[in-house]
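Trainee: Using this note's numbering, read the sequence shown as starting at 23 and increasing by one per residue.
Built from N, CA and C at the ideal position, the CB exists for glycine as well.
Bear in mind that the values here come from a model prediction, so they are computed numbers and not experimental data.
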Amino acid sequence: MEKADFIHMVRMSEMASADDSRAYRRGVAAFAALGYAWVLGCLALAVGMLVWVVPQLLHGKFRFAWVWIVMAACGLLWLSLRALWVPRSPPQGVQITAREAPALFDALERIRRKIKGPPIHEVYLDDDFNASIRQEARWGMLGGARNQLTLGLPLLMALDKKRLLAVLAHEYGHLRGDHGRFAAWIYRTRLSWHRLHEGMQDDAGPMAVATRAFLDWYWPRFAAKTFALARQDEYEADRIAARLLGQDEVAAALTEVEIKGAWLGEQFWRQHWQGALSQPLPAGPYGALQRLLALPPEPAFAQMALREAVRRLSGVDDTHPVLRDRVEALTGGRPTLPPWSQRGALSLLGAQARGWLAHFDDQWCKANATVWKQHHARLQRAQERVRNLQSTQAGNSATETVELARLMRRLDPQAAVQPLYERVLAREPAHVGALLGLADSLAPQDVAGRLRCCEALWDCSPTHRWGAARGAVQALEQRAEAGGDYDAEALKRWRERVRQAEEVEDAALEELYDTPFFQRVTRHDLSAFELGELQAELALHRAVARAWLVCKQLRAMPQRRTYLLFVQLRGLDAQARFALCRRLESELELPGQVLVLAAGDTAALEDIERQAFEPVHAGPGGA
């Protein structure tokens, strides 16, 4: 199913649910029954074939065709039983018991009694900033489940007890709700069909092919038809939590989780990995994280994170609504910065809390030892390059000065690099690298300075017009949202420029994807240091056996430095290969746009070896 068709079906389901919720649920139940009917029909057919043929064979009535019927029946029987019996997946994290954390289990029991829900059979502790309820089927798709709660250690650090209970009440709400049993059954069935669909993608044989054809048709439609129900279930879980702890408390918990989650992803982990500059061996993060999460986020960051969260729209990629929709459904108003939790809820783990901190610190260090050492070496190389550039600073070119500033910010995000960029721009007012670096180094409240950089980038670099226009719009919108004076005409002009630049960007992307990959390509133009950085980054990914890098000339945007990175990947399925390529695109620091392509998926390995020049990277066993 095409994504546009999926979105259309989701919207139709949402409208059907809004018009007549009962009729919508009956339709969902009927479509779920169709899946079960198909499985049970296949099972009955397989058993019938065996019941008919096997006695004939046992009585010595042999025909070659009957052997094929028996083989087909056995294959169909196996696939039917597999559909009904979805294997249990092992839970993530470490199981904790009521004896180890009595306060936590007492809190869960109080929530259960108030909600009148089923029991939580197992509780696990992991290192994610999250909490989730999972129903693990006991008897496959036919029913019965064990309820498993997974609670993230960072979440326990970030929220006080009352807000953590609000989060737990939301998760418990998935097991209860006004239509609890039906919603839980559909939720469990969604997971089962999803696992079955994913698990059969690589199966061969005529029966497997026929089964996969049905699943390819059925699963996307079942997911689309049940999307509205799953989305409603999230709102219902919020309402259940609000009835227990108050809507304001639940809204505050949702907002605090959103902002602290952004801080964790954007600031903490970057700061922690910066420690590799001076420490060759990894340091556990969770001891430091406990201390930092007890502090309120910086006001400027909190405002920015909230603004970004409020701008997001609920899509069809996730059944969870965005923060704005959830808070509006609860309170009728928009999210605002909450009073921050004063202390975490680690005490719910009892005397074992310190032991769990040490356990996850130790696990993290073991899991990241190799990558940490590689990162340490990479930062050391960057530091050495900074020393060399600083020693020749008086005679450095503009490009070398920009490189120095960029590396200084990599080693220390708070490094004072603005004078370096200003020095370059005093000599070369249209230096693109300096304009980009200066805009990034200016304080968020320096809207005038950011607008000057954006205007200069728009005039001197067609390649960066889209980014410049978006940056200007963001700066002006931030000033407007903060209640400050802003130029409404300028905002209108920059929004029009965004539209114009997007047209050019779309044409460039269309050309990049639609033209033969090896048309108008040349050798890469990376410096020795840039190439070393690329190789160090690729070395962090064991799945990358070899990699080739070329420059590609685009007619729609000839000024842009565009790179194609072909990677030969091993040991990954199609979904994992796609995910790694997208991750590399976001992480690699190349002096231009990069498109990462997996060998064999979009370009044959033989063509890459023949036309992409020599490899720039060869991992262990990839030579």
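1) Do LEU442 and LEU426 have their CB atoms nearer than 8 Å?
2) From LEU411 to ALA404, what does the alpha carbon distance come to, in whole angstroms?
3) Relative to the C-alpha of LEU591, which candidate in TRP570, GLU330, ASP270 and ARG185 has its C-alpha closest?
4) Tell me, to the nearest whole angstrom, how far the beta carbon of VAL526 is from that of ALA452; I am working on the premise that it is less than 8 Å.
5) Among GLU144, ALA55, ALA298 and GLN293, which has the Cα closest to the Cα of THR211?
6) Where do the ends of the beta strand (DSSP E) carrying LYS138 lie?
7) Straight-line CA distance for HIS554 to HIS639?
8) Out of ALA188, VAL439, ASP255 and LEU178, which has the shortest C-alpha to C-alpha gap to ARG313?
9) Starting from the C-beta of PRO124, find all residues in its chain whose C-beta is less than 7 Å away, skip the five residues before and the five after it, and write them out in chain order.
10) Among residues of its own chain, excluding the 5 on either side of PRO319, which ones have a beta-carbon nearer than 7 Å to its beta-carbon?
11) What separation, rounded to the nearest whole angstrom, lies between the Cα atoms of PRO176 and PHE151?
12) What are the uninterrupted segments assigned as alpha helix (DSSP H) that are 4 or more residues long and contained completely in the segment 497 to 543, given in chain order?
13) Just curious, the beta strand (DSSP E) that ASP148 is in, first and last residue?
14) What separation, rounded to the nearest whole angstrom, lies between the Cα atoms of PRO3 and LEU62?
15) Check for me: the alpha helix (DSSP H) holding ALA591 runs from which residue to which?
16) Excluding five sequence neighbours on each side, which residues of the same chain lie with their C-beta closer than 7 Å to the C-beta of ASP200?
17) Taking the alpha-carbon of GLN289 as reference, which of PHE323, ARG168, ALA316 and GLN385 has the nearest alpha-carbon?
18) In its own chain, which residues sit with a C-beta less than 7 Å from the C-beta of ALA625, not counting the 5 before and 5 after it?
19) So does the segment 382 to 400 actually touch the segment 295 to 302, counting three or more Cβ pairs closer than 8 Å?
20) Where does ASP200 sit, in a helix, a strand or coil, going by DSSP?
21) So for VAL61, helix, strand or coil by DSSP?
22) What's the call for GLU278, buried or exposed, on a 16-neighbour Cβ count within 10 Å?
23) What three-state label does DSSP hand LEU303 in the structure shown?
24) With a threshold of 8 Å on Cβ separation, who are the neighbours of GLN170 within its own chain once the five nearest residues in sequence on each side are excluded?
25) If you count every other CB in all the chains shown that lies within 10 Å of the CB of GLY641, and 16 or more means buried, which is it?
Mentor: Judging by the given coordinates:
1) yes
2) 11 Å
3) TRP570
4) Between ALA452 and VAL526 the Cβ distance is about 19 Å, and since that is not below 8 Å, they are no contact.
5) ALA55
6) Note, LYS138: premise wrong, no beta strand (DSSP E); not H, not E.
7) The question names His, but residue 554 in the sequence shown is Gly. GLY554 and HIS639: Cα-Cα distance of roughly 10 Å.
8) LEU178
9) GLY372
10) ILE281, LYS282 and TRP285
11) 5 Å
12) 510 to 536
13) 144 to 148
14) Residue 3 falls outside the range modelled here, since the chain spans only 23 to 645, and no answer is possible.
15) Going by the sequence as given, residue 591 is Leu instead of Ala. From DSSP, LEU591 is part of no alpha helix (DSSP H) but of the beta strand (DSSP E) over 584 to 591.
16) Because the pLDDT at ASP200 is just 46, under 50, the model does not fix this residue reliably, and the value given afterwards should be weighed accordingly. Closer than 7 Å at Cβ, skipping near neighbours: GLU258.
17) PHE323
18) PHE539, PHE588 and LEU619
19) yes
20) Summary for ASP200: the model assigns pLDDT 46, below 50, so the residue's position carries little reliability; its value from the coordinates is reported in the next sentence. In this structure, ASP200 counts as coil in the three-state DSSP scheme.
21) helix
22) buried
23) coil
24) PRO113, ILE142, HIS143, GLU144, VAL145, TYR146, ILE155, ARG156, GLN157 and GLU158
25) buried
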